[in-house]
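If you're matching positions, the sequence shown starts at 20 in the numbering used here and goes up one per residue.
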Amino acid sequence: MKCKQANDLAQQFNLCSADERKIFFEVPIIAEMDMLSHCTQLIQKVTRKKIFVLEECIAIEPFLKGSFQKFSSTYSSYYTCNGGGDGADITAPTANYNGTGYGKHTKGKSTNTTNTYANNLAFVEAFSHYTYWYTKGRMVVDDLQGVIQDTNHFRLTDPSIHSVKLSYGPTDSGQNGITAFLSKHRCNKICANWFLNQQH
Numbered sequence: 020m021k022c023k024q025a026n027d028l029a030q031q032f033n034l035c036s037a038d039e040r041k042i043f044f045e046v047p048i049i050a051e052m053d054m055l056s057h058c059t060q061l062i063q064k065v066t067r068k069k070i071f072v073l074e075e076c077i078a079i080e081p082f083l084k085g086s087f088q089k090f091s092s093t094y095s096s097y098y099t100c101n102g103g104g105d106g107a108d109i110t111a112p113t114a115n116y117n118g119t120g121y122g123k124h125t126k127g128k129s130t131n132t133t134n135t136y137a138n139n140l141a142f143v144e145a146f147s148h149y150t151y152w153y154t155k156g157r158m159v160v161d162d163l164q165g166v167i168q169d170t171n172h173f174r175l176t177d178p179s180i181h182s183v184k185l186s187y188g189p190t191d192s193g194q195n196g197i198t199a200f201l202s203k204h205r206c207n208k209i210c211a212n213w214f215l216n217q218q219h
């Protein structure tokens, strides 16, 4: 439900975007285990790892091919827009950032890699702001991670949705999560070009 809601909002965002970049969320398929291999008990004894049981539900998601990146985090100050520019003033990782963690960060335009990453941060920040605007303040989609395919398709997974009704599971921080996003967000040119000419 969370990923479907995020993907529905992303489709609306993509429609109003003049940018070539588009955002998509992987929506998991929920499947119930209706058959088990007889080898599972042996595997569990050898590896001591959890095995599935009959009637257990699992979520299946397509494999995201590419370099996995963390774009935003609800309570982190690392991935934030700090001004109204095109991404040049975003706190961004250094050029050797490999997408595996928060790592060392730098400000400003130091390399093309940092500039590209900063511009991508501005793009996903604008999406999160859009979700707040589009839902009239009822929710915000944040905690964005995934891969960029073909330079302009953001394939994201496992977002957090913060909603006033606390409808989206354990990562839904409700109004506190919405407020946390708004307190760190600074509108950038992407926000202004797409929807901030309307009341927000």
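Ideal placement from N, C-alpha and C gives every residue a C-beta, glycine not left out.
When burial is assigned at 16 or more other CB atoms within 10 Å of the CB, is residue i buried or exposed?
i, result
"N139", "buried"
"C35", "exposed"
"K89", "buried"
"T176", "buried"
"N171", "exposed"
Which two residues bound the contiguous alpha helix (DSSP H) that contains residue i?
i, result
"C35", "K21 to C35"
"T198", "G193 to K203"
"K208", "K208 to W213"
Return the CA-CA distance between residue i and residue j, expressed in angstroms with no decimal places.
i, j, result
"C212", "D38", "Correcting the residue type first, residue 212 is Asn in the shown sequence and not Cys. In a straight line, the C-alpha of N212 is about 10 angstroms away from that of D38."
"T272", "K23", "Residue numbering for the chain in the displayed model covers 20 to 219; residue 272 lies beyond these limits and cannot be assessed."
"S186", "M158", "10 angstroms"
"Q30", "I180", "16 angstroms"
"P81", "E45", "7 angstroms"
"Y149", "Q194", "17 angstroms"
"Y153", "M54", "43 angstroms"
"I79", "I48", "5 angstroms"
"I209", "V183", "26 angstroms"
"N207", "A145", "7 angstroms"
Could you check how far apart the C-beta atoms of residue i and residue j are, in whole angstroms? I think they sit under 8 angstroms.
i, j, result
"P189", "V160", "About 16 angstroms separates the two Cβ atoms, so there is no contact after all."
Grab the span of the beta strand (DSSP E) containing residue i for me, first residue to last.
i, result
"F71", "That residue, F71, is in no beta strand (DSSP E); it is neither H nor E in DSSP."
"D169", "From DSSP, D169 is part of no beta strand (DSSP E); its letter is neither H nor E."
"E51", "I48 to E51"
- Three-pair Cβ contact test at 8 angstroms for the stretch 188 to 201 versus the stretch 68 to 83: no
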